[in-house]
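Numbering (full-length UniProt numbering), first residue to last: 1 to 89. Here's the structure we're looking at; comments come further down.
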């Protein structure tokens, strides 16, 4: 087993020298908008994705929202922030 690990490390070092270091991973998106016509499978896609994330416990804090509810929440938060900023001395 030790020989196999050493060989794998040597091969990895060789590839790193020849190809260079891999680029850094891109930053993860903070949100997602799925666009499509009625009946194109947007809700099905989101349900499958949400079930996978929940099953794998990949994201501890997550919410599934309908677009209209998300836009309403964004408007309410924006309004509250404006009110708070206006009231600040």
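Glycine included, each C-beta is placed from N, C-alpha and C at the ideal position.
On a CA-only basis, which of the options is nearest residue i? Give me that one, please.
| i | options | result |
| --- | --- | --- |
| residue 33 | 59, 73, 42 | 42 |
Hey, residue i and residue j: beta-carbon distance below 8 Å or not?
| i | j | result |
| --- | --- | --- |
| residue 64 | residue 52 | no |
For residue i, decide whether its Cβ has a neighbour in chain B, counting only Cβ atoms nearer than 8 Å.
| i | result |
| --- | --- |
| residue 12 | Note that chain B does not occur in the displayed structure, where there is just one protein chain. |
Where does residue i sit, in a helix, a strand or coil, going by DSSP?
| i | result |
| --- | --- |
| residue 59 | coil |
| residue 65 | coil |
| residue 43 | helix |
field: Contained alpha helix (DSSP H) runs [length at least 4] in the segment 2-37, N- to C-terminal order
entry: Segments of the alpha helix (DSSP H) lying fully in the segment 2-37: 2-19.
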